[in-house]
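As numbered in the working numbering, residues 1206 to 1417 make up the sequence shown, in order.
Using N, Cα and C, we set each Cβ at its ideal position, and we do this for glycine too.
See structure below.
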Amino acid sequence: MARIGVLASGSGSNFQALIDAVESGYIPDSKIVVLISDKPGVLALERAKKHGIEAVYVDVKCFHTREGIDNKIVSELSKRKVEIVCLAGYMRIVTRVLLKKFPERVLNIHPALLPSFPGLHAQAQAYEYGVKISGCTVHFVDDRVDHGPIIIQAAVPVLENEDNESLRKRILAAEHKIYPHALKWLVEGRLKVVGRRVKVEGVSQAAQVLVE
Ligand code: GRF
């Protein structure tokens, strides 16, 4: 049974997609055992409670450094014997304190086709840049922001008449589709990292998904 911890700072719609995938059995032999948020009162915490998942708020004001915050998070995760960590709209940079504890076991979802448009407001960055195709990426987390080896990407074409908000929503819908795949593969032990490349055992097309 893979024990999963999720870190989120906001609405947690990606967290919900992971809950649904675990509850439906799409991700086998696994359990989301804790949701940790660095923001009080967010919907992600409510979603956890609704699904019987422990919801933990970490007050970052109690710590002076990122490492201090991550030490606290690692202790909350370890207490619950977490083995895999999913960042799902977690708006903080994680440190080696977390990464050392979970080597190649921390996933993140980013709302752009990395390496394009890392950082905040990626959807708006892509929209303003005028790209014709954007999308989203699930990757292993390393010690650089939005940088680790890529597991799966979905391409989302930019429609001629849409605005930034419409594109954001369509990318978010694609995020909900791909994040469960990546987590499933990790749980099933099917991901092999070779340099920057991630091989997915049993998947011929290393998962490029085109969402209309
Ligand atoms: C998503 O677009 C995710 O890619 C980004 O933050 C957003 C979080 O949305 N990192 P939600 O909280 O999962 O609804």
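query: Give, in chain order, every unbroken run of the beta strand (DSSP E) that is at least 3 residues long and sits entirely within the stretch 1374–1411.; result: 1396–1399, 1402–1405
query: For Glu1370, is the beta carbon positioned less than 7 Å from some heavy atom of the ligand GRF?; result: no
query: If we call anything under 8 Å between Cβ atoms a contact, is Tyr1334 one with Leu1372?; result: no
query: Can you list, in chain order, the residues of its chain with a C-beta nearer than 8 Å to that of Ser1214? Leave out the 5 residues immediately preceding and following it.; result: Ser1242, Asp1243, Lys1244, Val1247, Ala1249, Gly1294, Tyr1295, Met1296, Arg1297
query: In chain order, what residues of the same chain have a beta carbon less than 6 Å from the beta carbon of His1256, not counting five sequence neighbours either side?; result: Ile1224
query: Per DSSP, what kind of secondary structure is Ile1298 in: helix, strand or coil?; result: coil
query: Considering only heavy atoms of the ligand GRF, list every residue whose Cβ is less than 7 Å from one of them, following chain order.; result: Ala1213, Gly1215, Ser1216, Gly1217, Ser1218, Asn1219, Phe1220, Ala1249, Ala1293, Gly1294, Ile1314, His1315, Pro1316, Cys1341, Ile1376, Leu1377, Glu1380
query: What's the C-alpha gap between His1386 and Gly1230?; result: 12 Å
query: Just verifying my parser: in three-state terms, what is the DSSP assignment at Val1263?; result: coil
query: What are the start and end residues of each continuous beta strand (DSSP E) run of 3 or more residues lying completely inside the stretch 1312–1387, in chain order?; result: 1338–1345, 1355–1362
query: Looking at Asn1276 and the ligand FMN, is the gap between the Cβ and the nearest heavy atom below 7 Å?; result: The ligand content of the structure shown is limited to the ligand GRF, which means the ligand FMN is not among them.
query: What are the start and end residues of each continuous beta strand (DSSP E) run of 3 or more residues lying completely inside the stretch 1215–1287, in chain order?; result: 1235–1242, 1259–1262
query: Give me the residue from Gln1328, Ile1376, Tyr1384 with the minimum Cα distance to Leu1292.; result: Tyr1384
query: Following the continuous beta strand (DSSP E) through Arg1208, name the residue where it begins and the one where it ends.; result: 1207–1213
query: Indicate whether the contact test is met: 3 or more Cβ pairs, each with one atom in the stretch 1302–1320 and one in the stretch 1349–1369, closer than 8 Å.; result: yes
query: Residues in the same chain with beta-carbon distance under 6 Å from Gln1221, minus the five sequence neighbours each way, listed in chain order, please.; result: Arg1252
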